[in-house]
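Written below as structure tokens is the structure these notes are about.
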Amino acid sequence: MSKKIKFSRRKFMKFMAKSGLGAAALTSAPMLNHNFLYNSAFAASGKPLIFAAAEALTGNWDPTTHTNLGQLIFESYVFGYLTRCPMKPENPTQLNFELATEATEIDKFTLEFKLRDGVTFHNGKPFGAEDVKATYEYGSQPDRPAQWYPGQVDVEVVDRLTVRIKTEKYGYPAGLFYYLSSFLPILSADDVANPNNAASRPNGTGAFKFVEQDGDNTIMEANENFFMGKPKIPRVQYNFVGDTATRTLGLLSGEYNVTERLEPEQVDTIVANGGFALNQAVSTENKYLWFRCSKPPFNDINMRKAVAHAIDREGLLDILGISGTYTGCHVSPVKFGYTDVEGFPEYNPDKCQEYLAKAGFPKGKGLPELEYITSVGFYPKTKEYGEYITALLNEQGIPVKLSVLELGAWGNKLYDREGGGPGHMIDCGWCTGSPEPDLVIRTHFHSSSKRITGIVDADIDAALDKERNAPSVGEREQILKTEVMPLLVDKMPSVPLFGSVFIHAMANDVKDLYIYPNGMMSAETASIG
Amino acid sequence: MHLAGQFVRRILQGVVVVLITTFLIFSILRIVPGDPVRLIVGGMAPDNLVEEIAQKMGLRDPIPVQFGRYLSQVVQGDLGNSYQRPKNGMMGQGGDFNANMDVEMAEVSDLILERLPYTLQLAGLALLISLIISFPLGISAGLKPKGFMSKIAFFISSIFVSIPNFWLGIVLALFITIKLGLLPSIGYQNFAYTILPAIVLAVETCPFIIRTISVSFAEISQEYFIKSGKVRGLTRNGVIYRHTLRNASIPLLNLLGIQLSTLLGGVIVVEYIFDYPGLGQLTIYAVLQRDFPLIQGIAMVTSALYVGLNIAVDLITYSIDPRLES
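Line order of the protein sequences matches chains A and B. For our numbering, add 1154 to where a residue sits in the first sequence, where the first one is 1. For our numbering, add 20 to where a residue sits in the second sequence, where the first one is 1.
Set out below in structure tokens:
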């Protein structure tokens, strides 16, 4: 006969009280900080620089494998660049030398860089010419996903601290690397030889070195051997915080020192609260409405122009408030070659109808439902202005369905594929850390790349090749302004909606942190308090 | 029925519930739009590569085949590896061609075990705060169902149940953390960071506990053995705490089992708002990144917790009141 368990109410109450206390002690003891009762929420002194970022890192540390803006920001702490380009409005093309000390154009196809002596990688390996050679030749391979290079390149090692960038074999001028040198992080030749090393941990020459990944936080510490001297800030944390409101609250409460990608109303809250500085700058990013040009109906230039004339860009700027600014061509106002193209299609319903009729869809009749894809959670106000654009297009008889997707699903559908990418139009910005315009226009509109639009157009290819191959910087600028930009406006593979104004907010005690117009940062001389 | 028999029967039922839940989640993930392979290799990857990898990973097999394969791993204690989180860091959520198929990915069980203690701590504290608020309110309301305290309890419950948790979270962070500087709340550095999120969760659960206690008290107060307590010379507090409260504990215990499980679900929004590094935040990012193995693992662990808690509550109630066994 089995014995029944005797469990009286009194025993139960005692047992619960004991086990509750035990469980509380077990679960919370390792995390319990008994100081919390008298610690202020505003601890600041001795804190590391904590950057609350809007975008997660990829987890593959090889800089040639991604176009992730968050990771570009991370790289700006850890990696070194031959030059840096602050892109300040008063002098947007000024270059500061970093790992290079001098750049000389030997001839049209040869650019020589003298390199800085005494620099070491975080793993202790001395930096030299072989590292630049390895990085550039590796990064310019056509199979590298990032595709920031204008074409393949050979690098000649002249001596331990001199390299020559050579492009003659590939048919474009080496001068393109003048501005690009500020955007291409330099890897160690050893890591290039073993890409698994490059993928599994970042090893640069930058002011901060990678320590560990703690959940969603990436931790870096000051590099004692940094060639400019050990930075004043001992530690930098790149914390991925997906929600904008949380980033704002975290900044206001002193948990983060710097944050980015704020909505205008959150900026108002931060300003009203006091004690914070805003870094508000026209960025290298234009926001675009990209057409899927390789499939109907946007394989017809008239349809693209009809949409361009249906969009009231002034209305968009009203919605965006301080987060947007006017742009007059397919690159941002701070990019080399920017110009306000004459005849840029402005809001004009009559012209829209004219082009619709030319496309064979008078008043939109006969058009299938067109999908316009946009994202939420990263760019400001995308849903709001997406609804506005949809309403404007519907008003003209163009049947548009807006699909608002979270970032992962949107990224899934962003790029062109065989037979045309998903949907018919998609919203996206493109942001690079250099004044070099080809990082945008060649990447997206040349038939060798055509990332989002899928456009193949011999006229655009010819114009892009012509500006790339221009014999001098001056002539190139002229071609960009008078031929390439007007042609892109005429062909309209995407509608440049506005230029993004990047708003970073930071605690007042953060000094000398420089934020580039694409969001990358320089913290080597920065301090807190 | 014998308690041990009850236990075995409930465990078997629990296993079936966990299996059904896991199968549902598993199937839904494969039906909804959003190809995880596209996110793994990136939007720039060509379609043929996506297909090749999907085939290699078995993601194009029929769902029952995939589920069978998954279960055979689970019974060996292997919840699989994350599609998006390498051991050395996080995966981006954009459309880049990351081409990092060679990078070692984190084990789902490690990711869950890393975050679970934080969530249990949050849910436990939330429950404790709920009880501290609910007991006095519920008891006083139950003792005089038409009295002033009953109206107060009803008023507070109505307010609490109407407040959206994300709104309350933001307001509390603004006032308590930012304006008054009393408690930190965004992120996690020590136990203090758990308090505000726990208060938000407690506000969600309080109305149900207050209601259960007050109704239960009101009913038991009408019983003869309670009414006769005073005649037997017992003090008022003696009647309340030694007799009424004990008899009211069974419905409360059942409710607590459900509420603790509900709290595990409620933490999702709260953890996201407070940047609290628990299972809820991990779930949100896993869903955004279409990280199938991680979502499945979290679903399985939380449903097992839910089932386990409810079995424990049932067994305790059987022990307290053996009549319930039948």
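In this text, a Cβ means the ideal position worked out from N, Cα and C, and glycines have one as well.
With DSSP collapsed to three states, give me the class of residue i.
i, result
"Met1675/A", "strand"
"Met121/B", "Here the model assigns Met121/B a pLDDT of 46, short of 50, so the residue's position is not dependable, and the following value carries that caveat. Met121/B falls in the coil class under three-state DSSP."
"Ser205/B", "coil"
"Lys1268/A", "strand"
"Thr232/B", "helix"
"Leu1556/A", "strand"
"Arg252/B", "coil"
"Ser1681/A", "strand"
"His1658/A", "strand"
"Asp1472/A", "helix"
"Cys1506/A", "helix"
"Gly1478/A", "strand"
"Trp1584/A", "strand"
"Asn1245/A", "strand"
"Ile304/B", "helix"
"Ile1606/A", "coil"
"Trp1444/A", "strand"
"Gln104/B", "strand"
"Gly1531/A", "coil"
"Asp1308/A", "strand"
Going by Cα to Cα distance, which pick from the options is closest to residue i?
i, options, result
"Ile152/B", "Arg80/B, Ala268/B and Ile230/B", "Ile230/B"
"Glu1310/A", "Tyr1332/A, Gln1248/A and Val1286/A", "Val1286/A"
"Val1412/A", "Leu1547/A, Ile1669/A and Glu1678/A", "Ile1669/A"
"Ser1626/A", "Ser1588/A, Val1365/A, Leu1265/A and Ile1227/A", "Leu1265/A"
"Thr1247/A", "Tyr1480/A, Lys1635/A, Gly1587/A and Arg1571/A", "Gly1587/A"
"Gly286/B", "Ala218/B, Ser177/B and Lys164/B", "Ala218/B"
"Val1655/A", "Pro1522/A, Asn1214/A, Ala1254/A and Val1436/A", "Val1436/A"
"Pro84/B", "Leu39/B, Glu124/B, Asn68/B and Asp67/B", "Leu39/B"
"Ser1477/A", "Ile1424/A, Ala1426/A, Val1495/A and Pro1418/A", "Pro1418/A"
"Ile1609/A", "Ala1545/A, Lys1555/A, Phe1267/A and Phe1445/A", "Phe1445/A"
"Ser1601/A", "Gly1565/A, Pro1647/A and Ala1563/A", "Pro1647/A"
Looking only at its own chain, which residues have a Cβ that is under 7 Å from the Cβ of residue i, when we skip the five neighbours before and after it?
i, result
"Thr1536/A", "Thr1528, Ser1529, Val1530 and Asp1581"
"Ala222/B", "Ala146, Ile149, Ser150 and Ile153"
Go through its chain and collect everything with a Cβ distance to residue i's Cβ below 8 Å, but skip five positions before and after it.
i, result
"Ile73/B", "Val57, Ile60, Val61 and Met121"
"Asp100/B", "A quick correction: the sequence has Gly, not Asp, at residue 100/B. Within the same chain, Gly100/B has close Cβ partners Tyr90, Gln93, Glu127, Val128, Pro313, Gln316 and Gly317."
"Asp1613/A", "Leu1641 and Lys1645"
"Asn1662/A", "Gly1429, Phe1430 and Ala1431"
"Gln26/B", "Asp334, Leu335, Tyr338 and Glu345"
"Lys1567/A", "Ile1527, Leu1559, Gly1575, Pro1576, Gly1577 and Ile1580"
"Gln86/B", "Phe46, Arg50, Gly78 and Leu79"
"Leu325/B", "Ser281 and Leu284"
Can you give me the Cβ contacts of residue i inside the same chain, cut-off strictly under 6 Å, excluding the 5 residues immediately before and after it?
i, result
"Val1463/A", "It should be noted that the sequence gives His, not Val, for residue 1463/A. Contacts found: Pro1499, Asn1502, Lys1505 and Cys1506."
"Asn1382/A", "According to the sequence provided, residue 1382/A is Met. The question's Asn does not apply to it. Excluding positions up to five away in sequence, the list reads Glu1678."
"Gly1404/A", "Ala1206 and Tyr1410"
"Tyr1517/A", "For the record, residue 1517/A in the displayed sequence is Lys; it is not Tyr. So the qualifying residues of the chain are Gly1551."
"Ser1557/A", "Glu1525 and Ile1527"
"Glu1229/A", "Pro1217 and Pro1339"
Tell me whether residue i, by its Cβ, gets closer than 7 Å to a heavy atom of the ligand SAM.
i, result
"Leu39/B", "The model depicted lacks the ligand SAM and carries no ligand whatsoever."
Report yes or no: is there a C-beta of chain D within less than 8 Å of the C-beta of residue i?
i, result
"Gly1404/A", "The question asks about chain D, but that chain is absent: this structure's protein chains are A and B."
Review point. Between the region 1591 to 1609 of chain A and chain B, which residues of the former have CB atoms less than 8 Å from a CB of the latter, in chain order?
Key: Arg1605
- [ ] May I ask you to list, following chain order, the residues of the region 187 to 200 of chain B that have a beta carbon less than 8 Å from some beta carbon of chain A?
- [x] Ile190, Ala193, Leu194, Thr197 and Ile198
Check whether the region 1298 to 1309 of chain A and the region 1318 to 1329 of chain A are in contact - that is, three or more C-beta pairs closer than 8 Å. yes
Hey, is the region 216 to 236 of chain B in contact with the region 275 to 288 of chain B, meaning 3+ C-beta pairs nearer than 8 Å? yes
Report task. Check distances from the C-beta atoms of the region 1415 to 1433 of chain A to those of chain B and list, in chain order, the residues that come in under 9 Å. Result -> Thr1423 and Asn1427
*Cβ contact (3+ pairs, closer than 8 Å) linking the region 1325 to 1337 of chain A and the region 1582 to 1595 of chain A*: yes
**Asked** What are the residues of the region 1375 to 1400 of chain A that lie near chain B, defined by any Cβ-Cβ distance shorter than 8 Å?
**Response** Asn1393, Phe1394, Val1395, Gly1396, Asp1397, Ala1399 and Thr1400
>> Between the region 135 to 150 of chain B and the region 294 to 306 of chain B, can you find at least three pairs of beta-carbon atoms closer than 8 Å?
In response: yes
**Message:** Using a Cβ-Cβ cutoff of 8 Å, what residues of the region 1439 to 1453 of chain A are near chain B? List them in chain order.
**Reply:** none
Q. Using 8 Å as the threshold, is the region 166 to 186 of chain B in touch with the region 242 to 259 of chain B, meaning 3 or more CB pairs across them?
A. Because the criterion of three Cβ pairs below 8 Å is not met, the region 166 to 186 of chain B and the region 242 to 259 of chain B do not touch.
Any chance the region 1613 to 1623 of chain A sits against the region 1363 to 1378 of chain A, with 3 or more Cβ pairs inside 8 Å? no
Interface residues of the region 305 to 335 of chain B facing chain A [CB-CB below 8 Å]: Tyr305, Leu308, Gln309 and Arg310
key: Any 3 or more C-beta pairs closer than 8 Å across the region 1509 to 1523 of chain A and the region 1448 to 1456 of chain A   = Contact between the region 1509 to 1523 of chain A and the region 1448 to 1456 of chain A is established, with three or more Cβ pairs separated by less than 8 Å.
Exercise for the section: Count the C-beta pairs between the region 1630 to 1638 of chain A and the region 1484 to 1498 of chain A that are closer than 8 Å, then say yes if the count reaches three, no if not. Expected result: The region 1630 to 1638 of chain A is in contact with the region 1484 to 1498 of chain A.
With 9 Å as the C-beta to C-beta threshold (strictly closer), list the residues of the region 285 to 303 of chain B near chain A in chain order.
Tyr292, Ile293, Phe294, Asp295, Pro297, Gln301 and Leu302
Cβ-based contacts, 9 Å cut-off: residues of the region 205 to 229 of chain B near chain A:
Ser205, Ile206, Gly207, Tyr208, Gln209, Asn210, Phe211, Ala212, Tyr213, Thr214 and Ile215
- Query: Listed from N- to C-terminal order along the chain, which residues in the region 139 to 170 of chain B have their beta-carbon within a distance smaller than 9 Å of any beta-carbon of chain A?
  - Reply: Leu140, Gln141, Gly144, Leu145 and Leu148
Notebook entry, point to check: Using Cβ-Cβ distances below 8 Å, what residues of the region 270 to 281 of chain B are close to chain A?
Noted result: none
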